Amino acid sequence: MPYTYEDVGATREDRCPPGFHRLHVRSRIGEGEAVFRRASEALMTWELHRTMGIRMVTEAAKAAPGVDVTVGIGLIKAPCRVVWTAEEYRRTAWAYGTLSGHPECGEEAFVVSRTGDGTVWLTITAFSRAAKWYARAGGAATRGLQRAYAQRCGTVMRRLCAGLEE
């Protein structure tokens, strides 16, 4: 099944193709190596999303390029495919892109990073536009829900990493 947009992988370079809405939400998670490791694990194993009550239907235990995952929220089923991943010294990340049947069209990246001073951040970037009638009908409210979801990811990740700061 092909992606529903052309610029596959653009989130790796933090690019937003013309005609899409851009999202960028950065949340401080904590400090230290233990927080970074725990946040990275929660991100790569779908734990962050599942803790938020999001259904992540996939046969893969971990995010990897080419892995298909259907994201479920209530009655909505949103098919996606992991586009890219990164597991580096100070950065762990993955992004998925939309497939046919998803209410939106675009890509979303989830990045856990550790700065030189030890601060751990979760950054969520996305570019999207409505693909289904109900997403189009939602207009700005749909984008507001996407932003609220990204902010909630930060809150939940902080909770998952609580008590680990150095």
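Be aware that the sequence shown starts at 1, since it is given in the numbering used here, and climbs by one per residue. For glycine and all other residues, C-beta sits at the position ideal for the given N, C-alpha and C. Here the structure is a predicted model, which is why all the values come from computation and not from measurement.
Length of the line joining the Cα atoms of residue i and residue j
i    : j    : result
R129 : G118 : 35 Å
P65  : A137 : 32 Å
R81  : V69  : 6 Å
P79  : R28  : 29 Å
Endpoints, the beta strand (DSSP E) within which residue i is located
i    : result
S100 : S100 -> no beta strand (DSSP E), and no H or E assigned at all.
A131 : Counting along the chain, A131 falls outside any beta strand (DSSP E), and DSSP gives it neither H nor E.
Proximity winner among the options, relative to residue i (alpha-carbon distances)
i    : options                   : result
R12  : A150, A95, E88 and V120   : A95
P17  : E108, L160, V156 and W133 : E108
Y5   : L164, A126, L99 and A140  : L99
K77  : I124, G139 and H102       : H102
L164 : V35, H21 and L23          : V35
I54  : S40, H24 and A150         : A150
F127 : H24, M1 and W121          : H24
Residues bridged to residue i (per DSSP)
i    : result
L122 : S27 and V112
Y3   : L99
G106 : S128
A141 : A141 is not bridged to any residue.
Restricting to runs no shorter than 4 residues, where is the alpha helix (DSSP H) found entirely within the stretch 6-91?
33-44 and 47-51
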